[in-house]
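Asker: Residue numbers (this note's numbering): 1078 to 1693. Don't be surprised by glycine CBs; every beta carbon is placed ideally from N, CA and C.
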């Protein structure tokens, strides 16, 4: 049989001859159907299926058997030009042939069985990237010559491949959620590779292959879905990686060895570099996709960095608690706190790598605030350790030993110097912040210790001696912190000299002016120096030999036994100078946010003859 042997033209000619005989017999017999022509309709349908089959395999036939493809197309075209007799349904083989061309092409590349499995999407897209341009080149070189020009074979091929690919991607997105890598690969491929010169935009294909005006492969909803999927998956990975980096750093804190150092001698750890690299690479790779995805990932990275900083701060707090409670003593506790300063500085100085071009700097504000808070936290922990170190020495203030000798302060300075000996391993400007806060802590604790006791100077000589001691101590503190590298402009010791001036006061009526001057030199934003205002030269009346001058004592610092009773000498005039919280006497609030415990204190200066009494 001609159809079975794929002799389609001969089969069509024979079919037309039989149909012509049928028409002539039907006309001569007055419309009577002869049995001999009963199978003619089935024969025509079989030929139509053969034409469709040949068209559906056009790509293969154009290379293996172009004559068969040409025959099928010619049969379809001849049938399209035939005038259909009245009462018969047009066979429309041309349309069926075109549909077969499209269906066959789609089946080859986008059949349901070839959709990629999870994780295999990149390979599938790479295969399409190679195969689709090759298919279009084959269509232009081999299939198009086998078809009439009005078939627009190259355009038909490109549009068919595009619609088939689009449909397959929609099916893929309707299935299980893609992983981060698959979502990223699909976004990059669909938005950049597919229409680029590597594929459908190749100059070798010509304008007929252009699909840029067709519906995009991915709708805006698809892109939104993929971007959201990518960000969520990457965020989970980033959080895990950052936690591993932090865990590795925390594990180092209990070592017997000091922190590692860089060639310059500064404490160093790879953690900041790892953290920034994780975040920066997550942002940078999105350059390959879209600005919207980059903005999303940048926001996610900054959010995760903020979370990391809080976790870092919490880990430092737990490290401090375990060490100070004795639960897990760290051999180099302070050194690892100092190393944390450098980690904070490294993160702070490299924040620009996380900022996108053209994006307002305000987006970094929350993270910068988190970095500042981390620095304050580390500073507080270091200074708390310094306070613990110095507290036993300051407990001996004020005393006759302190008034008559510098031995006590020498021990304070020696211990402070030993505590701060490794501060130079902290990079600038953090080391200046740390030294300034260390000096502030020492001065405040020194004044705190003096004022929680009771000092009565009942003669000019005694007041002069106390003033000279304060001046000497101020000079010694200044020399100490200059030797440690603190810039002179940052010193807090002038407050000691101001208190010395009060001790040198000769005329009680000038007390108000001196206090006003003290307020001007050391302004307090919270107006906590106001209690000094009413103390303008008031002279309290005390029962001779029995005056009790009160001072506040915090529970934790209450000395053993009751406070000593001061006995001003008869004829001496005493006036109280109420001192506010010692922190208010500093030029600026503490950068670390450390506030001394509230303590109402009194410094009693007696003008007249007598001696120092009531000193511990």
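Measure the C-alpha to C-alpha separation of residue 1528 and residue 1499 and round it to an integer number of angstroms.
Answerer: Cα to Cα, the separation comes out at about 31 Å.
Asker: Could you compute how far the alpha carbon of residue 1452 sits from the alpha carbon of residue 1575?
Answerer: One C-alpha to the other measures close to 31 Å.
Asker: Mapping the DSSP letters down to three states, classify residue 1338 as helix, strand or coil.
Answerer: Three-state DSSP puts residue 1338 in a strand.
Asker: Would you check if the distance between the CB atom of residue 1507 and the CB atom of residue 1566 is smaller than 8 Å?
Answerer: Not a contact, by the Cβ cut-off of 8 Å.
Asker: State buried or exposed for residue 1127, treating a residue as buried only when at least 16 other CB atoms are found within 10 Å of its CB.
Answerer: When all chains shown are included, residue 1127 counts as buried.
Asker: Rounded to whole angstroms, how far is the Cβ of residue 1231 from the Cβ of residue 1213, which I believe are closer than 8 Å?
Answerer: Sure, about 6 Å apart at Cβ, within 8 Å.
Asker: Going by other Cβ atoms of all chains shown within 10 Å of its Cβ, with 16 needed for buried, is residue 1326 buried or exposed?
Answerer: Residue 1326 comes out buried.
Asker: By Cβ distance, which residues of its chain are closer than 8 Å to residue 1181, with the 5 residues on each side in sequence left out?
Answerer: Here the set comprises 1132, 1133, 1134, 1135 and 1136.
Asker: With residue 1587 as the anchor, note down where its alpha helix (DSSP H) starts and where it stops.
Answerer: Where residue 1587 is concerned, there is no enclosing alpha helix (DSSP H), given that its DSSP letter is neither H nor E.
Asker: Would you tell me roughly how many angstroms separate the C-alpha atoms of residue 1210 and residue 1204, rounded to the nearest one?
Answerer: For residue 1210 and residue 1204, the distance between alpha carbons rounds to 11 Å.
Asker: Is residue 1228 helix, strand or coil when you go by DSSP?
Answerer: Helix.
Asker: Could you name each continuous beta strand (DSSP E) segment of 3 residues or more that falls completely within the segment 1357-1419, going from the start of the chain to the end?
Answerer: If we require 3 residues or more, the segment 1357-1419 turns out to have no beta strand (DSSP E) run fully inside it.
Asker: Could you have a look at residue 1089 and say whether DSSP puts it in helix, strand or coil?
Answerer: Residue 1089: helix per DSSP, three-state reduction.
Asker: If you draw a straight line from the C-alpha of residue 1486 to the C-alpha of residue 1336, how long is it?
Answerer: About 31 Å.
Asker: Please check the pair residue 1270 and residue 1223, which I expect to be a contact at CB under 8 Å, by giving their CB distance rounded to whole angstroms.
Answerer: About 31 Å separates the two Cβ atoms, so there is no contact after all.
Asker: Helix, strand or coil: which one does DSSP assign to residue 1344?
Answerer: It is a strand residue.
Asker: Rounded to whole angstroms, what is the Cα-Cα separation between residue 1441 and residue 1432?
Answerer: Going from the Cα of residue 1441 to the Cα of residue 1432 covers about 7 Å.
Asker: I need the boundaries of the alpha helix (DSSP H) containing residue 1269, first residue and last residue.
Answerer: Where residue 1269 is concerned, there is no enclosing alpha helix (DSSP H), given that its DSSP letter is neither H nor E.
Asker: If you pair each beta-carbon of the segment 1576-1586 with each one of the segment 1502-1518, do three or more pairs fall below 8 Å?
Answerer: Short answer: they don't touch.
Asker: Consult DSSP for residue 1193 and reduce its assignment to one of helix, strand or coil.
Answerer: If DSSP states are grouped into helix, strand and coil, residue 1193 belongs with coil.
Asker: Evaluate residue 1284 with the Cβ neighbour count: other Cβ atoms within 10 Å of its Cβ, from every protein chain shown; 16 or more gives buried, anything less gives exposed.
Answerer: Counting Cβ neighbours within 10 Å, residue 1284 comes out exposed, since fewer than 16 surround it.
Asker: Could you tell me which of 1208, 1483 and 1583 sits nearest to residue 1238, measuring between CA atoms?
Answerer: The shortest Cα separation from residue 1238 among 1208, 1483 and 1583 belongs to 1208.
Asker: Quick one: is residue 1247 buried, meaning 16 or more other Cβ sit within 10 Å of its Cβ, or exposed?
Answerer: With fewer than 16 other Cβ atoms within 10 Å, it is exposed.
Asker: Counting Cβ pairs, one atom from each stretch, are 3 or more of them under 8 Å apart for the segment 1343-1361 and the segment 1412-1420?
Answerer: They touch, by the three-pair rule.
Asker: Leaving out five residues on either side along the sequence, give the residues of the same chain with a beta carbon under 8 Å from the beta carbon of residue 1400.
Answerer: Closer than 8 Å at Cβ, skipping near neighbours: 1406, 1407 and 1410.
Asker: Determine the closest residue to residue 1571 out of 1524, 1562, 1584 and 1235, with distance taken between C-alpha atoms.
Answerer: If we check each option's Cα against that of residue 1571, 1524 comes out closest.
Asker: Looking at C-alpha atoms only, which residue of 1254, 1385, 1314 and 1267 is the closest neighbour of residue 1206?
Answerer: Comparing Cα-Cα distances from residue 1206 to each of 1254, 1385, 1314 and 1267, the minimum goes to 1267.
Asker: Are the CB atoms of residue 1199 and residue 1299 nearer to each other than 8 Å?
Answerer: No, Cβ-Cβ distance for residue 1199 and residue 1299 is not below 8 Å.
Asker: Determine the burial state of residue 1259: buried for a count of at least 16 other Cβ atoms within 10 Å of its Cβ, exposed for fewer.
Answerer: Answer is buried; the Cβ neighbour count reaches 16.
Asker: Does the distance from the CB of residue 1170 to the CB of residue 1156 come in under 8 Å?
Answerer: A contact, by the Cβ cut-off of 8 Å.
Asker: Over what stretch of residues does the alpha helix (DSSP H) that includes residue 1151 continue unbroken?
Answerer: From DSSP, the alpha helix (DSSP H) with residue 1151 extends over 1143-1158.
Asker: Can you tell me which of 1393, 1444 and 1389 puts its alpha carbon nearest to the alpha carbon of residue 1376?
Answerer: The shortest Cα separation from residue 1376 among 1393, 1444 and 1389 belongs to 1444.
Asker: Please determine, among 1448, 1475 and 1490, the residue with the shortest C-alpha to C-alpha distance to residue 1464.
Answerer: It is 1490 whose Cα lies nearest to the Cα of residue 1464.
Asker: Secondary structure at residue 1475, three-state DSSP: helix, strand or coil?
Answerer: Of the three classes helix, strand and coil, the one that applies to residue 1475 here is coil, per DSSP.
Asker: Cα separation between residue 1235 and residue 1286?
Answerer: Near 5 Å, if we compare the C-alpha coordinates of residue 1286 and residue 1235.
Asker: Of the residues 1568, 1175 and 1255, which one's Cα is nearest the Cα of residue 1197?
Answerer: When only C-alpha atoms are compared, the closest one is 1255.
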